[in-house]
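In terms of our numbering, the sequence shown opens at residue 303 and continues consecutively.
Since the structure comes first, as structure tokens, the remarks are kept for the end.
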Amino acid sequence: MKFFLIAGAVNALLSVAFGAFGAHMLEGRVADKYIATWQTAVQYQMFHSIGLMIVAVLMSSTFIGPISSLNWAGYLMLAGIVIFSGSLYVLSLSGISILGAITPIGGVAFIAGWIMLIIAAAKAL
303 MKFFLIAGAV NALLSVAFGA FGAHMLEGRV ADKYIATWQT AVQYQMFHSI
353 GLMIVAVLMS STFIGPISSL NWAGYLMLAG IVIFSGSLYV LSLSGISILG
403 AITPIGGVAF IAGWIMLIIA AAKAL
């Protein structure tokens, strides 16, 4: 529970910082399509930071408790942040288009994480 709450909060902080960096430092330095790519990375990082914090709260004994499907949900969301958003950040800064081939792996991790959250809720409720 503690790990996912901290991971969610750290990623939310980073999302805000990266969003500010992109808005203030990238304009005029990278192509507009890469600024849009950067914004997508920031947006998905924030969404899944909140998802991590939801997982942490649900792991409390007050709600669902620490079950394996919630653990999987959290780790998959975290992996998705690193792979999806991370690859888009690097792509935006470097222009290395092959990194776009890695991004869908992170997207699949996000989807799998939400599926595991659904499974946890279905088991518990």
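Just so you know, even glycine gets a beta-carbon here, dropped at the ideal spot from N, CA and C.
Given the structure is predicted, the values throughout are model-derived calculations rather than measurements.
Cα-Cα, which of TYR391, SER396 and TRP416 is closest to PHE323?
Nearest C-alpha to PHE323: TYR391.
To the nearest angstrom, how far is the alpha carbon of TYR336 from that of SER394?
So the alpha carbons of these two residues sit roughly 5 Å apart.
Going by beta-carbon coordinates alone, are PHE306 and VAL384 separated by less than 8 Å?
No.
Compare the Cα-Cα distances from ALA414 to each of GLN341, HIS350, SER363 and ALA333 and report the closest residue.
Comparing Cα-Cα distances from ALA414 to each of GLN341, HIS350, SER363 and ALA333, the minimum goes to HIS350.
In terms of residue numbering, what span does the alpha helix (DSSP H) encompassing GLY382 cover?
Start and end: 370 to 382.
Between TYR377 and LEU419, what straight-line distance do the alpha-carbon atoms span, to the nearest angstrom?
Using only the alpha carbons, I get a separation of about 11 Å.
Can you list, in chain order, the residues of its chain with a C-beta nearer than 6 Å to that of ALA309? Leave out the 5 residues immediately preceding and following it.
Cβ neighbours of ALA309 beyond the five flanking positions: LEU354 and LEU380.
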